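K.L.:
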Amino acid sequence: MIISVIIPLYNEEDIIDEFHQRVLNAMTKTGDDFEVIYVDDGSTDNTLQKLLNYHKKDSRFKVLELSRNFGHQAAYTAGLNVTLGDYVCMLDGDLQDPPELIPEMYEKLSIGNYDIVYGKRISRKEKAGKRFFILLFHKIFSFINNVGAPDNVGNFGMMNHKAKEAFLMLKEKNRYLPGLRYFIGFRQTAIEYKRPERTRGKAKMNIKSLMQLAFDALFSLSKLPLKLAFVFGFTGLGLSLVGAVVVIIKKITGAAITGWTSMMLSLFFFGSVILIFLGVMGEYIFRIYKETQNRPVYFIRNYHTKDDKNQNS
Ligand code: UDP
Ligand code: MG
C-alpha cells in the first residue's frame with residue numbers, strides 16, 4: 002500500500018524544516034510506503050529551494066511547482082491529480098494540522114469500514130477576530146448547506162482511492178474542498194483534534210481570502226442566497242399591504258398626514274433590499290461566467306519526481 006500526502010505551501014520557509022521532520026516521522030510510523038507531494042503554490046521566498054533539497058535527499062518527497070500563486074484549494078487539487086497512492090491525505094503545511102494524526106487516520110481507513118476520514122476541530126486557537134469569523138462561517142455553513150456537511154471541518158483528512166477518483170470528478174472552478182468532499186458521499190468518519198495556533202510564519206489566508214472561501218462554500222453548496230430574495234420580497238410585500246390598509250384608513254378618516262417620513266423609509270428599505278439582491282444575482286452570474294470560461298484551476302511549471310522519467314526532475 003502507498004500513502005500519498007498532499008501539502009500546499011506558500012512562503013513557509015520559517016516553518017518548513019520542522020514541518021518536514023514531523024511529516025517524515027509520522028509517515029515512518031505508518032510502516033508503509035509513501036510519497037509526499039509538496040505543492041509549491043508560487044512561493045516567493047526560499048520555500049521552493051528547501052523543498053528541492055528534501056527531494057534530492059529523499060525522492061519519496063516530490064515537489065510540484067505551480068506556475069504562480071493559485072490559492073490553497075487549487076494547490077490541493079493540483080496535488081490530488083498527480084497522486085499515485087492507494088490512500089491520499091490532505092494536510093496544511095503550517096503545523097496547524099498535526100502530521101502525527103496521519104497514522105491514526107491511516108489505521109481507520111485500512112481496516113476497511115470507511116472510505117474517508119476527516120479531521121474535526123474540537124477547539125482552535127486563532128486571534129479572537131479571525132476565530133469569531135471562522136466559527137460564524139462554520140455555523141452558518143453547516144446550517145444552510147444542502148449536502149449536510151458538518152461544521153468545523155477543514156481540508157485535513159484522508160481518503161481511499163475510490164473516494165479520490167470520485168472527488169476528482171468534480172470539475173467545478175469555484176472549489177470549497179471540505180464541502181465537496183462531503184458531497185461525494187461514501188462512508189465517512191471524523192477524527193477529533195485540537196487545532197493549535199500557527200507557531201511561526203504568517204497566516205497566508207487573510208480575512209479577504211477567507212471571505213472568498215466562505216462565499217465559494219455558501220454559494221456553491223446552498224441555494225439559500227436565492228431563497229432569501231423570496232423571503233425578503235414576500236415579507237416586504239406583506240408589510241406594504243399592511244401599510245396600504247393603514248394609509249387607506251387614514252385617508253378615509255381624514256387623518257392623512259403629509260407622508261414624507263413613511264415614503265422615505267420605504268424608499269430606503271426597498272431600495273437597499275433590491276440592491277442586495279442585485280448583488281446576489283451578480284454573484285451567481287459571475288460564478289456562471291467563471292464556470293463557462295472553463296479555465297484550468299492551476300498550471301504546473303515543473304514536477305520533480307524520480308518515478309517518472311518523462312517529467313523534469
Ligand atoms: N497556502 C497556499 N496558497 C495560498 C495560501 C496558503 O498553498 O495562497 C498554504 C499555506 O502555506 C498553508 C496552507 O495553505 O500550508 C494553509 O494556509 P494558512 O495557514 O495561511 O490558512 P489558514 O490556516 O488561515 O486557513
Ligand atoms: Mg493555517
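If you want our numbering, it's the 1-based position in the sequence shown plus 1.
C-beta: ideal position from N, C-alpha, C; glycine also.
All of these numbers come straight from a predicted model, not from anything done at the bench.
(1) Check whether the segment 7 to 24 and the segment 39 to 47 are in contact - that is, three or more C-beta pairs closer than 8 Å.
(2) Check whether the segment 180 to 193 and the segment 101 to 117 are in contact - that is, three or more C-beta pairs closer than 8 Å.
(3) Check for me: the beta strand (DSSP E) holding Asn161 runs from which residue to which?
(4) So which residues touch the region around the ligand UDP, with touch meaning a C-beta under 6 Å from any heavy atom?
(5) Taking the beta carbon of Ala256 as the centre, do at least 16 other beta carbons fall within 10 Å, making it buried, or is it exposed?
(6) Once you ignore the five residues that flank Asn156 on each side, which residues in its own chain have a CB closer than 7 Å to its CB?
(7) Taking 8 Å as the cut-off, is the CB of Arg132 close to at least one heavy atom of the ligand MG?
(8) Under 9 Å between the Cβ atoms of Gly86 and Ile192?
(9) Please name the residue, chosen from Ala150, Met160, Met212 and Leu227, that lies closest to Pro104 on a Cα-to-Cα basis.
(10) Within this structure, are the beta carbons of Arg302 and Ser68 separated by less than 9 Å?
(11) Got a sec: does the ligand MG put a non-hydrogen atom nearer than 8 Å to the Cβ of Arg23?
(12) Select from Glu173, Gly260, Phe231 and Phe233 the residue whose C-alpha is nearest the C-alpha of Ala245.
(13) Just how far apart, CA to CA, sit Gly237 and Phe271?
(14) Just to confirm, is the Cβ distance from Thr323 to Tyr107 under 9 Å?
(15) In terms of DSSP beta bridges, what is Leu10 paired with?
(16) Residue range of the alpha helix (DSSP H) that Arg23 falls in?
(17) Alpha carbons only, please: which of Lys174, Arg125 and His162 is nearest the one belonging to Asp152?
(18) So within the segment 83 to 161, which uninterrupted beta strand (DSSP E) runs reach at least 3 residues, ignoring any that extend past its ends?
(19) Closest to Met212 by C-alpha separation, out of Phe133, Ile17, Lys172 and Glu173, would be which residue?
(20) Note down, one range per segment and in chain order, each alpha helix (DSSP H) of at least 4 residues found wholly within the segment 223 to 273.
(21) What are the boundary residues of the alpha helix (DSSP H) that includes Phe184?
(22) Going by alpha carbons, who is nearest to Pro99 out of Gly239, Glu198 and Phe300?
(23) CB Leu219 to CB Asn295, shorter than 9 Å?
(24) Roughly how many angstroms lie between the CA atoms of Met265 and Asp95, to the nearest whole one?
(25) Would the beta-carbon of Lys199 be found less than 8 Å away from any heavy atom of the ligand MG?
(26) With H, G and I counted as helix, E and B as strand and the rest as coil, what does DSSP make of Glu66?
(27) On the three-state DSSP scale, how would you describe Phe300?
(28) Beta carbon of Phe71, beta carbon of Val37: below 9 Å?
P.N.:
With the structure as the only source:
(1) Taking 8 Å as the limit for Cβ pairs, the verdict is that the segment 39 to 47 does touch the segment 7 to 24.
(2) Output reads yes: the segment 101 to 117 touches the segment 180 to 193.
(3) Mapped onto the sequence shown, residue 161 falls at position 160. First-last of the beta strand (DSSP E) with Asn161: Val154 to Asn161.
(4) Going along the chain, the residues that qualify are Pro9, Leu10, Tyr11, Glu13, Asp42, Asn70, Gly72, His73, Ala76, Asp93, Gly94, Asp95, Gln97, Ala204, Lys205 and Met206.
(5) Counted from its first residue, the sequence shown places residue 256 at position 255. So Ala256 counts as exposed.
(6) Start at 1 with the first residue of the sequence shown, and residue 156 comes out as number 155. So the qualifying residues of the chain are Tyr77, Met91, Asp93, Leu178 and Pro179.
(7) Your numbering for residue 132 matches position 131 in the sequence shown. No, Cβ of Arg132 sits at least 8 Å from all heavy atoms of the ligand MG.
(8) Against the sequence shown, residue 86 aligns to sequence position 85. Against the sequence shown, residue 192 aligns to sequence position 191. Against a cut-off of 9 Å, the Cβ pair of Ile192 and Gly86 comes out as no contact.
(9) Here residue 104 refers to the residue found at position 103 of the sequence shown. The shortest C-alpha separation from Pro104 is found at Met160.
(10) The sequence position of residue 302 within the sequence shown is 301, counting from 1. The sequence position of residue 68 within the sequence shown is 67, counting from 1. Yes, the pair counts as a contact, with Cβ atoms nearer than the cut-off.
(11) Here residue 23 corresponds to residue number 22 of the sequence shown, with the count starting at 1. In this structure, Arg23 has its CB at a distance of at least 8 Å from all heavy atoms of the ligand MG.
(12) As a first step, residue 245 is located in the sequence shown; it is residue number 244 there, counting from the start. The shortest C-alpha separation from Ala245 is found at Gly260.
(13) Reading the sequence shown from its first residue, position 236 is the one you call residue 237. Reading the sequence shown from its first residue, position 270 is the one you call residue 271. Note on geometry: alpha-carbon atoms of Gly237 and Phe271 lie some 8 Å from one another.
(14) One cannot answer for residue 323 here, as it falls past the ends of the chain, which runs 2 to 314.
(15) Position 9 of the sequence shown, counted from the start, is the residue given in the question as residue 10. DSSP lists Asp41 as partners of Leu10.
(16) The residue labelled residue 23 in the question sits at position 22 within the sequence shown. Counted as a single uninterrupted DSSP element, the alpha helix (DSSP H) harbouring Arg23 occupies residues Ile17 to Thr31.
(17) By one-based count along the sequence shown, residue 152 stands at place 151. Proximity to Asp152 across Lys174, Arg125 and His162 peaks at Arg125, based on C-alpha coordinates.
(18) Those beta strand (DSSP E) runs which fall completely within the segment 83 to 161 and span 3+ residues are 88 to 91, 117 to 125 and 154 to 161.
(19) As a working note, residue 212 is residue 211 in the sequence shown. Of Phe133, Ile17, Lys172 and Glu173, the residue nearest in Cα terms is Phe133.
(20) Correct list: 225 to 253.
(21) The residue labelled residue 184 in the question sits at position 183 within the sequence shown. First-last of the alpha helix (DSSP H) with Phe184: Leu178 to Phe184.
(22) Taking the first residue of the sequence shown as 1, we reach residue 99 at position 98. Of Gly239, Glu198 and Phe300, the residue nearest in Cα terms is Glu198.
(23) As a first step, residue 219 is located in the sequence shown; it is residue number 218 there, counting from the start. As a first step, residue 295 is located in the sequence shown; it is residue number 294 there, counting from the start. Contact flag unset, no.
(24) Counting from one through the sequence shown, the residue named residue 265 turns up at place 264. Counting from one through the sequence shown, the residue named residue 95 turns up at place 94. Approximately 52 Å, taken between the alpha carbons.
(25) Within the sequence shown, residue 199 is the residue found at index 198, counting from 1. Here residue 199 turns out to be Arg, not Lys, going by the sequence shown. At least one heavy atom of the ligand MG falls within 8 Å of the beta-carbon of Arg199.
(26) Indexing the sequence shown from 1 puts residue 66 at position 65. Looking at Glu66 - three-state DSSP - the assignment turns out to be strand.
(27) Working through the sequence shown from its first residue, we reach residue 300 at position 299. Here Phe300 sits in coil by DSSP.
(28) As a position in the sequence shown, residue 71 is number 70, starting the count at 1. As a position in the sequence shown, residue 37 is number 36, starting the count at 1. Their beta carbons are not under 9 Å apart, which means Phe71 does not touch Val37 by this criterion.
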